[in-house]
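In my numbering, the protein residues as written are 1412 to 2068.
Glycine included, C-beta positions come from ideal geometry on N, C-alpha and C.
Structure record follows, encoded as structure tokens.
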């Protein structure tokens, strides 16, 4: 690094000097600022320098030594780049800024550096993708160099080199030994070696007993040799042996993964199985048997061990092949257990999976006309039977039949609330497609009165508008939120009947929507009325601060030590312009309840609330009120040094002061 007198223009240097804690926190976040400060105070920043453009550059010691650069853009915003893996503004960048200001504060000269400083390029490179690219390029270059070198060697020199490598590297020794066995036709030796690898993979007893291994530490198993041996077998035409070994690998692999903490071996086992799937199409099995073999193997894997099966399914299969698959699977299809509960879930899941495979096979064999009858035959065999049938009826635009089956399904599985909800949603979609807006609105109304929320209210409004009954429905919905009285339960009085010409007209005068054809399953939701939270949410969404204040109830006691809720903050934001005192009280209470936790994290969480109160008071010309409040906080919490640092930032105090 070349050190020389700074050439930074005074205006650029002054921009760093003028930085406040608020500006730094807005840039990096309070947590990162706190960590950056700890790094700077721990003297982790070294060889700080600045470029002729005013950029700061330094080495920062963290988990590794990182090159970090910070600058102030033309618009006055901070920007940084760092060679660390953290994708956003990092603590290393904050530490560099604070170290620079500390040097300026002490009157020390910060040396300059040339624009070709290696750190400037290093901190711009990706820590992950670029490294992988460099590794790949390096391997390619190395391979090219090796080829040139090896081509210049004599046969005797190459033999001597391989003997030397085999003596010093067990993997090279095993590879040469495997190649020798294959060349001499001693395939059983390779197979035995792979079975030894499988035994090692399957040996999970030590893994289970060893607590460190159980947590996933120092327990990585290297299956690269087994993968290479499988590839060698396949290359020499022993596909059937590879398939047989594949079944053993999957069985051992499943047991291994079940005992692991985070499935550490999944990727390596899957790589080995990919070789197995490549071998399937080269085996002596018929094409249909190959397909069935892969289907069986996939059904046995509860994890992602068979992700490589795509290499088999990428090839083309004939309609006749798929037709045979459909017939074989149909013959082997058995109904799941009739018992209900978690115990039968695996059987029902596998049954559904097989049914879906049969449907796929029927479609690919151009036997699409058989799909719906087959779905009908399986409708009562699975909890998903009705949904599956209705889906295929919709594909064929057989809407009336789909609706008929929806009603049958709701009647048959009425106790399965989540499935009834699925069928009801499909029915709603069908009504929307047919533009039956009154029924759509009726269904949405049933949803709203059972599960009142901002979302269900807005969805109901949209449907009612299309049905041209918005005003009546909206009025009734808001009345329900206030009183708990649902229009669906209102009885027609004699007086109303006398005024109306017919009973139907009387019903429409009270509630304009028909009865929903499929009602929601009645669930036990306890709702208090007036439903203030939903009424407030609606008022916020519709930007009606007066209505927000109508339903807002200030807490009778101080907020919890967790601070104000997100909902409280939304209320304060909504009423800040018209009811500033309410907003300020909410933000102050939220901040003070967090400060009471006496933790640095809580102080940092309190800062945004205080900053909002500060901004609003200053906008309303009440700066003195804010300053008095801030001073009172300082006096009250004079012994909380970390809190005082946060408050200093709110006061607009420069970092350098």
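Which of helix, strand or coil DSSP assigns to residue i
i            : result
residue 2065 : strand
residue 1929 : coil
residue 1425 : helix
residue 1624 : Note that residue 1624 has pLDDT 44, beneath the 50 cutoff, so the model's placement of it is unreliable and no number is given.
residue 1634 : coil
residue 2048 : coil
residue 1619 : Reliability of the predicted coordinates at residue 1619 is poor, the pLDDT of 46 falling under 50, and no value is obtained from them.
residue 1784 : helix
residue 1790 : coil
residue 1762 : helix
residue 1890 : helix
residue 2008 : coil
residue 1595 : coil
residue 1827 : coil
residue 1959 : helix
For residue i: DSSP bridge partner residues
i            : result
residue 1471 : 1456, 1477
residue 2059 : The partner list for residue 2059 (beta bridge, DSSP) is empty, contrary to what the question assumes.
residue 1493 : 1479
residue 1523 : 1461
residue 1431 : 2065
Buried versus exposed call for residue i [16 or more other C-beta atoms within 10 Å across all chains shown]
i            : result
residue 2009 : exposed
residue 1825 : exposed
residue 1965 : exposed
residue 1948 : buried
residue 1863 : buried
residue 1813 : buried
residue 2057 : buried
residue 1518 : exposed
residue 1797 : buried
residue 1760 : exposed
residue 1697 : exposed
residue 1724 : exposed
residue 1609 : buried
residue 1402 : Any answer about residue 1402 is impossible in this case: the structure gives the chain only from 1412 up to 2068.
residue 1355 : Coverage of the chain is limited to positions 1412 through 2068, which leaves residue 1355 absent and any answer about it impossible.
residue 1528 : buried
residue 1688 : buried
residue 1492 : buried
residue 1645 : buried
Where the alpha helix (DSSP H) containing residue i begins and where it ends
i            : result
residue 1984 : 1977-1986
residue 1990 : Where residue 1990 is concerned, there is no enclosing alpha helix (DSSP H), given that its DSSP letter is neither H nor E.
residue 1899 : No alpha helix (DSSP H) holds residue 1899; DSSP gives it neither H nor E.
residue 1728 : No alpha helix (DSSP H) contains residue 1728, which DSSP labels as neither H nor E.
residue 1940 : Counting along the chain, residue 1940 falls outside any alpha helix (DSSP H), and DSSP gives it neither H nor E.
residue 1499 : Unbroken run through residue 1499: none, as it is neither H nor E.
residue 1848 : 1848-1861
residue 1700 : 1698-1711
residue 1724 : 1721-1724
residue 1652 : 1650-1670
residue 1682 : 1677-1691
residue 1796 : 1796-1806
residue 1573 : 1566-1579
Beta carbon proximity, residue i to chain D, threshold 8 Å
i            : result
residue 1718 : Among the chains in the structure shown there is no chain D, since it carries only a single protein chain.
Within 8 Å, strictly: CB atoms of residue i and residue j
i            : j            : result
residue 1533 : residue 1494 : yes
residue 1857 : residue 1927 : yes
residue 1852 : residue 1887 : no
residue 2055 : residue 2006 : no
residue 1481 : residue 1531 : no
residue 1431 : residue 2032 : no
residue 1716 : residue 1661 : yes
residue 2066 : residue 1489 : no
residue 1584 : residue 1594 : no
residue 1653 : residue 1685 : no
residue 1839 : residue 1817 : no
residue 1447 : residue 1521 : no
residue 1601 : residue 1614 : no
residue 1998 : residue 2018 : no
residue 1612 : residue 1663 : yes
residue 1776 : residue 1737 : yes
residue 1439 : residue 1479 : no
residue 1649 : residue 1598 : yes
residue 1762 : residue 1793 : yes
residue 1502 : residue 1450 : yes
Check: residue i C-beta below 7 Å from any heavy atom of the ligand FAD
i            : result
residue 1517 : Absence of the ligand FAD is noted for the structure shown, with no ligands found whatsoever.
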